[in-house]
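Throughout the sequence shown, residue numbering follows my numbering, covering 2 to 170 in sequence.
Using N, Cα and C, we set each Cβ at its ideal position, and we do this for glycine too.
Notes for the one structure printed next.
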Amino acid sequence: MRHVNAGCLICCAAALLFTPAQASEAQFLGGLKGQYVGKGQVRLRTNRQPINISCTFTSTTSPSSLSLKGRCRGLLVVSRAVGVDLKASGGTYRGSYIGAGSGPASLSGRRKGNSLALTIQWAKPINGDRRASLTVAQTGARGLKLTTSDRDPASGKTVVTSQITLQRQ
2 MRHVNAGCLI CCAAALLFTP AQASEAQFLG GLKGQYVGKG QVRLRTNRQP INISCTFTST
62 TSPSSLSLKG RCRGLLVVSR AVGVDLKASG GTYRGSYIGA GSGPASLSGR RKGNSLALTI
122 QWAKPINGDR RASLTVAQTG ARGLKLTTSD RDPASGKTVV TSQITLQRQ
């Protein structure tokens, strides 16, 4: 009888330990849902000057996914679609990114507090290699900040290649 009760307690304890992680992930993703507008800057290459942009995004979520689709405009004539599609599983995120001129890129990473820290694997070399980083950060109750960083091949230093600050409408 003691073995059955101990086994039951272990199973219940394990269920309690794993349930909050799933609930917090679903809660985090749900908090990103909405229509966003904002501004920012983007560098087409690490050695170029930034261009001011304005953007609109729509974010749809499920308890285990995020889809962020938008359009950014700069210099009055340049317009580019930007998108992130992610699936969460066991604390990791995997998915795809469009927005750079290299074609669809793969994403992988983890959530750190109110941010997703993601590695980008470009479809072809950009700034001398195929890797960069993307952070999707929830800022306050209504804000979202998207930041991409890449290594400058000339200096070896990390350069912010885009930063977009958004507010939910």
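Could you pull the start and end residues of the alpha helix (DSSP H) that residue i belongs to?
i	result
residue 68	Taken as a continuous stretch (DSSP letters only), residue 68 belongs to no alpha helix (DSSP H), being part of the beta strand (DSSP E) at 66–75.
residue 30	3–31
Quick one: measure Cβ to Cβ for residue i and residue j, integer angstroms, because I've assumed they're closer than 8 Å.
i	j	result
residue 160	residue 153	5 Å
residue 87	residue 66	6 Å
residue 110	residue 101	Not quite, the Cβ-Cβ distance comes to about 17 Å (not below 8 Å), so this is no contact.
residue 123	residue 131	5 Å
residue 121	residue 39	Going by Cβ atoms, the distance from residue 121 to residue 39 rounds to 21 Å, so no, they are not a contact pair.
residue 37	residue 60	7 Å
residue 62	residue 33	6 Å
residue 35	residue 169	4 Å
residue 99	residue 82	6 Å
What residues match up with residue i in a beta bridge as DSSP calls it?
i	result
residue 84	70, 99
residue 144	140, 168
residue 110	94, 119
residue 149	135, 163
Assign residue i to one of two classes, buried (16 or more other C-beta atoms within 10 Å of its C-beta) or exposed (fewer than that).
i	result
residue 91	exposed
residue 157	exposed
residue 22	Any answer about residue 22 is weak, because its pLDDT of 44 lies below 50 and its placement is not dependable; what the coordinates show is given next. Exposed.
residue 43	buried
residue 135	buried
residue 89	buried
residue 137	buried
residue 128	buried
residue 140	exposed
residue 85	buried
Return the first residue and the last residue of the beta strand (DSSP E) that residue i is part of.
i	result
residue 122	116–127
residue 53	52–63
residue 40	35–43
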